[in-house]
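Just so you know, we're using UniProt numbering here: the sequence shown kicks off at 1 and counts up by one. Every residue gets a Cβ at the ideal spot worked out from N, C-alpha and C, and that includes glycine. No experiment lies behind these values; they were computed from the predicted model shown. Structure, as structure tokens:
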Amino acid sequence: MEGPVLTLGLLAALVVCGKSGHHPAPKGPSGLAPRVPAAWSPPTPPLHQAQLPPQLWRGLTARTPSWGVVGSPQLSPAPWPGRISRQPPSRSPLPAPHPSSCPSPGSWGLNEEERLIRHLFEEKGYSKELRPVAHKDESVEVSLALTLSNLISLKEVEETLTTNVWIEHGWTDPRLQWDAEEFGNISVLRLPPDMLWLPEIVLENNNDGSFQISYACNVLVYPSGYVYWLPPAIFRSSCPISVTYFPFDWQNCSLKFSSLKYTAKEITLSLKQEEKEGRSYPVEWIIIDPAGFTENGEWEIVHRPARINVDPSVPLDSPGHQDVTFYLIIRRKPLFYIINILVPCVLISFMINLVFYLPADSGEKTSMAISVLLAQSVFLLLISKRLPATSMAIPLIGKFLLFGMVLVTMVVVICVIVLNIHFRTPSTHVLSEGVKKLFLETLPKLLHMSRPAEDGPSPGALVRRSSSLGYISKAEEYFLLKSRSDLMFEKQSERHGLARRLTSARQPPAGSEQAQQELFSQLKPAVDGANFIVNHMRDQNNYNEEKDCWNRVARTVDRLCLFVVTPIMVVGTAWIFLQGAYNQPPPQPFPGDPFSYHEKDKRFALGKQLV
């Protein structure tokens, strides 16, 4: 029974304190509120009748017979609420505590950070609209540093670099200074950025349309008044792409930061200063944490310097007078393009040499050449989708494809000429002696060509039967030399065993001449027919021989073009791609500046100079 009585007594005390209103916290000797232990949490707000059940409210405000003998608990003085000394209960009802004996709820719930915030922003009258300077002619020095977390991508078509970074701001605000000993030794105060004055540093070369930082994390404020802000951001910045040596190229992208709200008279931009062995040095590079950095699969970072750029030609009251620029000099990793684009392009381009090996009778020479030309056109369209539509330069792989397409076009023309020569006939074209000597005698020897008919028979091969043309020629001469009577009775004499006449032939009678003339007139058509056949076969042989000469000329042209096109293709391909092999980033980030702008090469400050 003692536990409920004490609990209800405490609730009654809180109700009375709530009705009496808030009282100011008692002031100590220093005029400050008493210090509250960090483990103490703010008390529950005052209770009202609407916040309690009716039964509990009636039990707190009236005598309750069901409690039996209830006395008023004697509260021993304690420095903190809740520490109640239990006394034996009496039969008297619970008296309501006097309002003046209730401590102020504000004094219970006010911790050191809240006191410090009230001290800085209410008592001192802090305004985030005003610059943290004592005089209007003074400028605020804002230091910047950039930590690269991930180089996400570089879109060549949009000329946009996407990076994941942490942009570090630092400046001093004298209005935010405090004595740490007076506020519980608070060494740092975390505040939302909308409570403080911000320099509003933005990315000038932004391609996203949003210049502000998307995520506003807390700002750290130190007792000396130094303000430190490290918000993360994903920037989409513009990066002019040089496509001359694609895919063996390197690019120089930059992130240019400046304040568009304040001029150089109001804000002075600088690089972050760090110390080593008692000497300070500026951070003149983009910071990369190896533990948190994600390597990009397409680009390799070569240089990452940082510079303060001041343009003397721009007035101080203009926003473009000063800026802090972080440079990213990156080199492409070409393995992906070599495997997926370059090697197929080169192989398809070299297939054009096989056109000269195809026989003209196959009818596929021109078809194969046009197929190679179409394949190169497809690769050219594929490359054009990967690069920006610029007329400043032609990419290296584009030069190779154009070179191959021009060469393939020439091969198509040569194929048409070769086919025209191959199918020429003596009835349409006459083979001159000069062409015959050049293409059938001189060039075949230089190109190591030989006629198959000129080769001797191989051992063991059957001897070819002679053509009947020789026999016909000999028969024609025989008929011209022999007399008609000898031709008529030659076989009869051989049949009787006489190879030749022993005596001169007897002169035929006078009447037999007419019979011979009649017989000759009957045999003459047969002789004329034989002569016609002989002449026709001779003409056909000459025709076929000259046509074969045209075929041999076409084969010689094919072999000559093979020996000419192949070296041109090899030399042209090597010359084009060797340009990309020798295209390397500079050894130093800036021409004429020997400094490397790297962590290993620090320049310490000596007065106002860097050494």
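Q. When DSSP labels each residue in this structure, what does A515 get in the three-state scheme?
A. Helix, per DSSP.
Q.
Using only the alpha-carbon positions, how far apart do Y222 and Y228 sit?
A. Distance from the CA of Y222 to the CA of Y228, rounded to the nearest whole angstrom, comes to 8 Å.
Q.
With a threshold of 8 Å, are at least 3 pairs of Cβ atoms found where one atom belongs to the stretch 253 to 271 and the other to the stretch 133 to 143?
A. Pairwise C-beta distances place the stretch 253 to 271 in contact with the stretch 133 to 143, as three or more of them are shorter than 8 Å.
Q) Which whole-angstrom value describes the C-beta separation of I308 and L271, a residue pair presumed to lie in contact below a C-beta threshold of 8 Å? A) I308 to L271, Cβ: 6 Å. Contact.
**Q.** Completely contained alpha helix (DSSP H) runs for the stretch 156 to 242, where each covers 4 or more residues
**A.** Listed in chain order, there is nothing to give.
Q. Going along the chain, which unbroken runs of the alpha helix (DSSP H) with 4 or more residues stay wholly within the stretch 110 to 137?
A. Taking only runs of at least 4 residues, the alpha helix (DSSP H) segments lying wholly in the stretch 110 to 137 are 112 to 118.
Q. Skipping 5 residues on each side, what residues in its chain have a beta carbon closer than 7 Å to that of I241?
A. Around I241: E156, E159, Q251 and P388.
Q.
Which complete beta strand (DSSP E) runs does the stretch 280 to 311 hold, if anything under 3 residues is left out?
A. Runs found: 299 to 303 and 306 to 310.
Q) Which class does A264 belong to by DSSP, given the choice of helix, strand or coil? A) If DSSP states are grouped into helix, strand and coil, A264 belongs with coil.
Q: Taking 8 Å as the cut-off, decide whether the C-beta atoms of K399 and I568 are in contact.
A: No, Cβ-Cβ distance for K399 and I568 is not below 8 Å.
**Q.** Beta-carbon contacts of T162 that lie in its chain and below 6 Å, excluding the five residues immediately before and after
**A.** Around T162: I152, S153 and R236.
Q) Do L358 and V408 come within 8 Å of each other at the CB atom, strictly closer than that value? A) Result no, Cβ atoms of V408 and L358 do not sit closer than 8 Å.
Q | Touching by the beta-carbon criterion (3+ pairs, under 8 Å), the stretch 121 to 137 and the stretch 283 to 297 | A | Output reads no: the stretch 283 to 297 does not touch the stretch 121 to 137.
Q: With a 10 Å radius around its C-beta and 16 neighbouring C-beta atoms as the bar for buried, classify V571 as buried or exposed.
A: Exposed, because fewer than 16 other Cβ atoms sit within 10 Å of the Cβ of V571.
(Q) As a quick exercise: from E113, Y327 and P232, pick the residue whose alpha carbon is nearest that of Q588. (A) Measuring from the Cα of Q588, the nearest candidate turns out to be Y327.
Q: Could you spell out where the beta strand (DSSP E) holding L328 opens and where it closes?
A: From DSSP, the beta strand (DSSP E) with L328 extends over Q322 to R332.
Q) Between P247 and T566, what straight-line distance do the alpha-carbon atoms span, to the nearest angstrom? A) So the alpha carbons of these two residues sit roughly 25 Å apart.
Q.
Which residue wins for smallest C-alpha separation from E114, given the options V188, L148 and V133?
A. In terms of Cα proximity to E114, the closest of V188, L148 and V133 is V188.
Q: Just tell me which of S238, F563 and C549 has its CA closest to the CA of F423.
A: Cα-wise, what sits closest to F423 is C549.
Q) Which two residues bound the contiguous alpha helix (DSSP H) that contains K445? A) Start and end: L443 to L446.
(Q) Measuring straight from C-alpha to C-alpha, what distance separates L196 and I330? (A) Their Cα atoms are separated by approximately 37 Å.
Q.
Please return the same chain residues whose Cβ sits closer than 6 Å to the Cβ of L380, not counting the five positions on each side in sequence.
A. Around L380: L401.
(Q) Using a Cβ-Cβ cutoff of less than 7 Å, which residues in the same chain neighbour K547 once the five nearest sequence positions on both sides are dropped? (A) Closer than 7 Å at the Cβ level, and outside the excluded window around K547, lie T425 and P426.
Q) Of the choices W178, M449, P231 and V557, whose alpha-carbon is the least far from that of L148? A) Comparing Cα positions, the closest option is P231.
(Q) Assuming V435 and V553 are in contact, meaning their beta carbons sit under 8 Å apart, how far apart are those beta carbons, in whole angstroms? (A) So it is a contact: roughly 7 Å between Cβ atoms.
Q) Can you name the start and end residues of the beta strand (DSSP E) that Q273 belongs to? A) For Q273, the uninterrupted beta strand (DSSP E) segment begins and ends at Q273 to K276.
Q) Any idea what DSSP makes of Q522, helix, strand or coil? A) Three-state result, Q522: helix.
**Q.** Range of the contiguous alpha helix (DSSP H) that encloses S349
**A.** In the DSSP assignment, S349 falls within the unbroken alpha helix (DSSP H) covering V343 to F350.
Q. CB E275 to CB A306, shorter than 8 Å?
A. In this structure, A306 does not lie closer than 8 Å to E275 by Cβ.
Q.
Given this structure, state the Cα-to-Cα distance separating S432 from L438, to the nearest angstrom.
A. When the Cα atoms are used, S432 and L438 turn out to be separated by approximately 10 Å.
(Q) Suppose you measure from the CA of R386 to the CA of C253; what does that come to, to the nearest Å? (A) Answer to the nearest angstrom: the Cα atoms are 18 Å apart.
Q: Verify whether the separation of the beta carbon atoms of P199 and W171 is less than 8 Å.
A: The answer is yes: Cβ separation under 8 Å.
Q: Counting only the same chain and skipping the five closest in sequence on each side, list residues whose C-beta sits under 8 Å from that of A216.
A: Around A216: P192, P193, D194 and P231.
Q: Kindly indicate if chain D contains any beta-carbon less than 8 Å away from that of H135.
A: Chain labels in this structure do not include chain D; a single protein chain is all it has.
**Q.** Within 8 Å, strictly: CB atoms of P444 and T556
**A.** For the pair P444 and T556, the CB atoms are nearer than the 8 Å cut-off.
**Q.** Rounded straight-line distance, which links the Cα of N551 to that of E441
**A.** Their backbone Cα atoms lie some 14 Å apart in a straight line.
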